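All remarks here apply to the structure that follows.
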Amino acid sequence: MSELIISLLMLAIPLSMLLTAYIIGNKTSANNGKAIFYVLIANALLLIGALTAQTTFSLSLISALSFTTTRIIMLALIVFIGICLVRFCQNYMAGEPRINYFWRWLLTTLSAVTLVVLSNHLILFWLGWLSISLALHKLLMFYPNRPRAALAAHKKFIVARLAETCLFIAFALLYNVHDTWLITEITAAYINNTVELTLSEQLAGSLIALAALIKCAQLPLHGWLIQVVEAPTPVSALLHAGVINLGGFLLILFAPLFMQATIAQWLVLVVAGLTTVISALVMTTRVSVKVRLAWSTSAQMGLMLLECALGLFELALMHLVTHSMYKAYAFLNAGNAINEDINRRHAPKHTPSLADWLRGMTISTVIVSSAWFISGYSGAISVWLLLTLALTILIATKHGIAGRSMLIPITFIALIATLSYVGLKTLFGLAVDTTAWREAAFSIADIWAIVLITTLMALSYFLRNQSQHPKVKALSTMLFAGLYLDEWFTRLTLKLWPIRLPVDKQTNTKHHNQTFIAKESQL
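See below:
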């Protein structure tokens, strides 16, 4: 009986969102979102109540649901992001003639995400995964007369079906091997496994990895993410701060299987690693705030998946949560980008000298090495190299601009950032105990990550400080075009699955599809 009670409490969160979406969607009068805000506040209280009941009385849910620490963190994040979005939309979407339509599919998407996070049953998980994509498609087409929005939604629809197919086949293979639909029972079979995986298990792990890569908009299936900025800003915030992170959650959930499926691990190492480098570099060439944020998301998701492939699942979970918080703020604050850009342009410019770089490298190395030693960490060192190089850039550039008077404050900021990193990583390690799957220092996977990070930092330096060199100019041009990867994918998409795009009244051309493709690189 106790299992049923706490299970109903948890199911009340997605069901209340779904019921509210249905009621509001059928109303003719515009809804101002106040009732939706209170529903999400009630869901936050429900989550706190369920967590308290489970902790106090050691209650457990029915087998089809799960309430682990990782899932609790994800649920809290979903409810928090939902509350922020609704509060923002009350003003931003005011006056929209189709506001009830927007509320319906926003709540349906949040409900489906919540269902995925709660699900411990393969079929329930897959149905929630499918529902997220279908509901999000409605939001991406909120302005159906925008050609770019229509094409982006069309490409997203295709790759989403591909991800769902991969996931469906993977789940079918896992059920065939283990004769159970429960995710906890399947993953438990791999925790202390010493037997080499069968072909079916290797294939299942690879398909799960492929589904995660597609969900996280990794190259070359990334173009839709860059173009969905045509949707309303809250939709972009929902996508970048919540939905797209589910690829990382999927790998964390199936960590024991994923880390033993060598092909799956290297698929993520290569694709996510290259996406991180390329997307981060492309981002530096773009002007539009939303487009820069979209490329940033692709790069951040690549880094999160790379952390998973290195066995650093606690770091990936921390990355997921902090990235969600940042991207929600960044998109909802995009209206202030003009003022921020003006301030940036008027800020003093200075190219750090060799002494600045050496000083920054020395200080950051001392800080990070000390933190590494004190934390007692053992595993891949590539993430520590990334932190060291990031702090080096911070100290060198800020010190070069501000002068010696700022060296101590900047060093203090670097120290606080490092301590925060170690503290949060340790905290999230309590939620995701997968240290057994960490890659060893200087393993082949770790060396690959080191090469990627070093390449990224070196190319970033040349693009920033040697921009007039002919070869750097040529590279910048290629990066501005996104290496033309999305243009090729768009042409293939329209060839295999043609779509009649709406004609923009401001577009005076009879061949809009070809014109759109030609202009893709201008983003």
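Letter 3 of the sequence shown, counting from 1, is numbered 133 in this note's numbering, and no numbers are missing.
Note that CB positions come from ideal geometry on N, CA and C, so glycine has one too.
Every value quoted in this text rests on a predicted model; they were computed, and no experiment measured them.
- Taking a cut-off of 8 Å on C-beta distances, the stretch 226 to 239 does not touch the stretch 190 to 199, as fewer than three cross pairs fall below it.
- Distance check between residue 484 and each of 527, 502 and 454 places 527 closest, using alpha-carbon atoms only.
- Per DSSP, the unbroken alpha helix (DSSP H) holding residue 616 starts and ends at 615 to 626.
- Contact annotation, residue 374 with residue 346: C-beta distance approximately 6 Å; criterion of less than 8 Å satisfied.
- The beta carbon of residue 612 lies closer than 6 Å to those of 412 in the same chain, with the five residues before and after it left out.
- Under the DSSP definition of a beta bridge, residue 146 lacks any partner.
- In this structure the stretch 312 to 326 does not touch the stretch 403 to 410; the number of beta carbon pairs closer than 8 Å is below three.
- Counting the other CB atoms within 10 Å of its CB gives residue 360 a total of 16 or more, which places it among the buried residues.
- With a 10 Å radius around the Cβ and a threshold of 16 neighbouring Cβ atoms, residue 625 comes out exposed.
- Between residue 399 and the set 357, 191, 348 and 368, the nearest pair of CA atoms involves 348.
- In this structure, the straight-line span from the alpha carbon of residue 453 to that of residue 427 is close to 8 Å.
- Annotation: the continuous alpha helix (DSSP H) that includes residue 579 extends over 574 to 595.
- Taking C-beta atoms as the reference points, residue 562 and residue 450 fail to come closer than 8 Å.
- One thing to note: residue 364 has its Cβ within 8 Å of the Cβ of residue 222.
- Residue 159 carries a coil assignment under DSSP once its states are collapsed to helix, strand and coil.
- Around the beta carbon of residue 244, 16 or more other beta carbons lie within 10 angstroms, which makes this residue buried.
- Assigned with DSSP and collapsed to three states, residue 428 falls in helix.
- Pairing residue 171 with residue 389, the inter-Cα distance amounts to about 38 Å.
- By DSSP's assignment, residue 251 forms a beta bridge with 312.
- Around the C-beta of residue 224, fewer than 16 other C-beta atoms lie within 10 Å, and the residue is accordingly described as exposed.
- Rounded to the nearest angstrom, the gap between the Cα atoms of residue 506 and residue 256 is 39 Å.
- In this structure, the alpha-carbon of residue 216 lies about 42 Å from that of residue 306.
- For the pair of segments examined, the stretch 150 to 162 was found not to touch the stretch 200 to 207: the number of CB pairs separated by less than 8 Å stays below three.
- With respect to the C-alpha of residue 273, the residue from 228, 296 and 578 having the closest C-alpha is 228.
- With fewer than 16 neighbouring CB atoms inside 10 Å of its own CB, residue 581 falls in the exposed class.
- Scanning its chain for C-beta atoms nearer than 6 Å, with the 5 sequence neighbours on each side dropped, one finds around residue 354 the residues 282, 285 and 286, in chain order.
- With respect to the C-alpha of residue 544, the residue from 574, 289 and 492 having the closest C-alpha is 492.
- Buried is the label assigned to residue 551, since at least 16 other Cβ atoms lie within 10 Å of its Cβ.
- For residue 163, the closest alpha carbon among the candidates 174, 151 and 499 is that of 151.
- Under the DSSP assignment, residue 197 falls outside any alpha helix (DSSP H); it carries neither an H nor an E label.
- Residue 615 and residue 187 have their C-alpha atoms roughly 54 Å apart.
- Secondary structure note for residue 506: it is in no alpha helix (DSSP H), with a DSSP letter that is neither H nor E.
- Taking C-alpha positions only, residue 266 is separated from residue 292 by approximately 16 Å.
- Around the beta carbon of residue 578, a 10 Å sphere encloses 16 or more other beta carbons of the protein chains shown; the residue is thus reported as buried.
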